[in-house]
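Structure record follows, encoded as structure tokens.
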Ligand code: ZN
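Residue numbers (this note's numbering): 9 to 422.
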């Protein structure tokens, strides 16, 4: 799948000392150091293209963009893979509701997503993979899991068995009954008769009437969602057999912790015997005016709508950086107005001939980012520096701070 326009990040390791990067791992509930490496492998779950790109998506992809930038700027390489679930239940349901063809709806929304990511200056993935084009990988993964006796059939659908995985639950830390409830709310089928465990998940669905299907070794049909990500991550991130985990970072919004990331990790263990990721990283949800933002409430705020109304894309980026990525945040118009004003002041200062001293600010930004992506402190530090400049401060190095703004924070002011 075509991604979007490339964004380059300079290696700043010759001029900046990068502290070791600490990032909260949901599985251990700890801020854990990321091992120093030449190459990092990061997988972030992509959208299902029926409703792109709301602010929750933007917050998630921005958070992983900042992680990506910090790793690249520190001199490492990053293999970054993102999927796009271009066939799944919600897409088909939306197409029926709106009376459009599912594949045309998907193509339109994928194009919109690319445009939004470009506007927000998000670095594209190294490999951007659709579910449909990954069907051969999915059937291979099902074969591998069948060899380890972790699959079974109900009629002509294939299921992954979560039993015999002693580590199932090690990311979400939920009880079985809590898992069943969430599984039901998030697209699972816990009450289906014939299942060995209520939590077993669908990995290959036989074609249903009036729905699309593709030929495979497991019948004519389509892949389940969880196995799609597992198979894509294990193929395109090219795990190194000498490493303890298959990849470094498995990421997404906090609504993916269960069942999605729990299932992916369990499937990866069934296939490889290894843990999928050293860090399971999750961004908090975005609410609107005191309420949860969700498609069922119909209160999603779309990036494309904000851009069409003339909002500065950097103000969206800035506004989402004001809070820590893991917190549940509220989006309000006041926040956007405030962020727009702060970005306006920042643009003004970045085009000034003289600026307040930048050495301490540069060090602080890197240290805050390396400490579990503390963007809230970054925003405060930058605002204080903008104040100092507007109050007549001098002695700063515009090249130095422009480089930090552009490479690490994604604000290219030139
Ligand atoms: Zn995923």
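A virtual CB, placed ideally from N, CA and C, is assigned to each residue, including glycine.
query: Given residue 373, which residues of its chain have a CB within under 8 Å of its CB, disregarding the five upstream and five downstream residues?; result: 386, 389, 390, 412, 416 and 417
query: Contact between the region 251-261 and the region 148-160: three or more CB pairs below 8 Å?; result: no
query: May I ask you to report which of helix, strand or coil DSSP gives residue 137?; result: strand
query: For the ligand ZN, any of its heavy atoms closer than 7 Å to the Cβ of residue 91?; result: yes
query: Between residue 209 and the ligand ZN, is the CB less than 7 Å from at least one heavy atom?; result: no
query: Leaving out five residues on either side along the sequence, give the residues of the same chain with a beta carbon under 6 Å from the beta carbon of residue 69.; result: 130
query: List in chain order: all unbroken beta strand (DSSP E) runs of 3+ residues lying wholly within the region 326-412.; result: 337-339
query: At a cut-off of 7 Å, would you count residue 260 as near the ligand ZN, judging by its Cβ distance to the nearest heavy atom?; result: yes
query: For the beta strand (DSSP E) that residue 258 lies in, which residues bound it at each end?; result: 253-261
query: In terms of DSSP beta bridges, what is residue 166 paired with?; result: 161 and 212
query: Tell me whether residue 184 is buried or exposed, calling it buried when 16 or more other Cβ atoms sit within 10 Å of its Cβ.; result: exposed
query: Could you give the C-beta distance for residue 358 and residue 304, rounded to a whole number, given that I count them as a contact under 8 Å?; result: That belief does not hold up - the Cβ atoms of residue 358 and residue 304 are roughly 41 Å apart, past 8 Å.
query: The alpha helix (DSSP H) with residue 33 in it runs from where to where?; result: Counting along the chain, residue 33 falls outside any alpha helix (DSSP H), though it belongs to the beta strand (DSSP E) covering 30-33.
query: In this structure, how does DSSP classify residue 312 when only helix, strand and coil are distinguished?; result: helix
query: Let me check you understand the geometry: is the CB of residue 65 closer than 7 Å to at least one non-hydrogen atom of the ligand ZN?; result: no
query: Hey, is residue 268 close to the ligand ZN, as in C-beta under 7 Å from one of its heavy atoms?; result: yes
query: Which whole runs of the beta strand (DSSP E) in the region 270-309 are 3 residues long or more, in chain order?; result: 283-291 and 294-296
query: Which of the three DSSP states is assigned to residue 110 in this structure?; result: helix
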